[in-house]
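Asker: Per this note's numbering, the sequence shown starts with residue 14, numbered consecutively.
Each residue gets a CB set at the ideal place from its N, CA and C atoms; glycine is no exception.
Here the structure is a predicted model, which is why all the values come from computation and not from measurement.
Encoded as structure tokens, here's the structure I'll be asking about.
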Amino acid sequence: MTKRSRALVLTAVCVGGLAAAASPAMARTYNITAGDLFFRGVPKTVPAGTHTFVMRNTGQAPHNFAMAGKRFAPVLNGGVGRITVTLRKGKSYNYLCTVPGHAQAGMKGTIRAR
Ligand SMILES: [Cu+2]
Numbered sequence: 014m015t016k017r018s019r020a021l022v023l024t025a026v027c028v029g030g031l032a033a034a035a036s037p038a039m040a041r042t043y044n045i046t047a048g049d050l051f052f053r054g055v056p057k058t059v060p061a062g063t064h065t066f067v068m069r070n071t072g073q074a075p076h077n078f079a080m081a082g083k084r085f086a087p088v089l090n091g092g093v094g095r096i097t098v099t100l101r102k103g104k105s106y107n108y109l110c111t112v113p114g115h116a117q118a119g120m121k122g123t124i125r126a127r
């Protein structure tokens with residue numbers, strides 16, 4: 014191995030190590046609440062990365078939380094559902110409750126990944 018190729022290998026190892034170390038630090042869990050026709054505690058901005066949104070339903074109607082192509086079946090009062098999504102830097106993502114009529118009544122919004 015030449016000096017030059019050894020330096021390239023070391024550089025690749027360092028960059029790979031940084032990426033691996035940075036990814037888990039960006040993964041976060043957000044606890045949000047659904048009530049009858051509202052969400053509470055949904056962040057407006059989050060860091061880019063993979064995040065889990067855990068929703069507890071405190072309302073009487075069934076609710077869920079859908080964004081970035083992920084959703085779970087609506088849960089009843091006291092129920093909890095979760096989705097894990099990967100959000101890209103600089104993009105905005107719409108979220109909503111997919112029970113018919115609920116998004117139109119206000120159960121929707123946007124989260125931006127910074
Ligand atoms: Cu709903």
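Indicate, with yes or no, if ligand 1 has a heavy atom lying under 6 Å from the CB of His-76.
Answerer: The residue given as residue 76 occupies position 63 in the sequence shown. Yes, the beta carbon of His-76 sits closer than 6 Å to at least one heavy atom of ligand 1.
Asker: Just the Cα atoms here: how many angstroms apart are Ala-40 and Phe-66?
Answerer: Taking the first residue of the sequence shown as 1, we reach residue 40 at position 27. Taking the first residue of the sequence shown as 1, we reach residue 66 at position 53. Roughly 11 Å between the two C-alpha positions.
Asker: What did DSSP end up calling Met-39 once you bin it into helix, strand or coil?
Answerer: Locating residue 39 in the sequence shown gives position 26, counting from the first residue. Helix at Met-39.
Asker: In whole angstroms, what is the alpha-carbon distance linking Leu-50 and Gly-72?
Answerer: Walking along the sequence shown from the start, residue 50 turns up at place 37. Walking along the sequence shown from the start, residue 72 turns up at place 59. Near 8 Å, if we compare the C-alpha coordinates of Gly-72 and Leu-50.
Asker: Would you report the Cα separation of Ala-47 and Gly-114, rounded to the nearest angstrom?
Answerer: What you label residue 47 is simply residue 34 of the sequence shown in a count that begins at 1. What you label residue 114 is simply residue 101 of the sequence shown in a count that begins at 1. Taking the straight line from one Cα to the other gives about 15 Å.
Asker: Hey, Ser-105 and Arg-125 are a contact pair by Cβ (cut 8 Å); roughly how many whole angstroms apart?
Answerer: Sequence index remark: in the sequence shown, residue 105 carries index 92 (1-based). Sequence index remark: in the sequence shown, residue 125 carries index 112 (1-based). About 5 Å separates the two Cβ atoms, so the contact holds.
Asker: Quick check: what's the CA-CA separation for Phe-52 versus Thr-97?
Answerer: As a working note, residue 52 is residue 39 in the sequence shown. As a working note, residue 97 is residue 84 in the sequence shown. Cα to Cα, Phe-52 sits roughly 18 Å from Thr-97.
Asker: In the DSSP assignment, what are the bridge partners of Thr-99?
Answerer: Sequence index remark: in the sequence shown, residue 99 carries index 86 (1-based). Paired residue(s): Thr-63.
Asker: Looking at the structure shown, is Tyr-108 part of a helix, part of a strand, or coil, going by DSSP?
Answerer: Along the sequence shown, one-based indexing puts residue 108 at 95. Tyr-108 falls in the strand class under three-state DSSP.
Asker: Please state if the CB of Arg-127 and the CB of Thr-58 are separated by a distance shorter than 7 Å.
Answerer: Residue 58 sits at position 45 when you count from the first residue of the sequence shown. Residue 127 sits at position 114 when you count from the first residue of the sequence shown. Yes. Within cutoff.
Asker: Mapping DSSP to helix, strand and coil, what is Pro-58?
Answerer: Here the question's residue 58 lines up with position 45 in the sequence shown. Per the sequence shown, the amino acid found at residue 58 is Thr instead of Pro. Strand, per DSSP.
Asker: If you drop the 5 nearest sequence neighbours on each side, which residues of the same chain put their C-beta closer than 6 Å to that of Asn-107?
Answerer: Residue numbering aside, residue 107 sits at position 94 when the sequence shown is read from its first letter. Hits under 6 Å: Thr-123.
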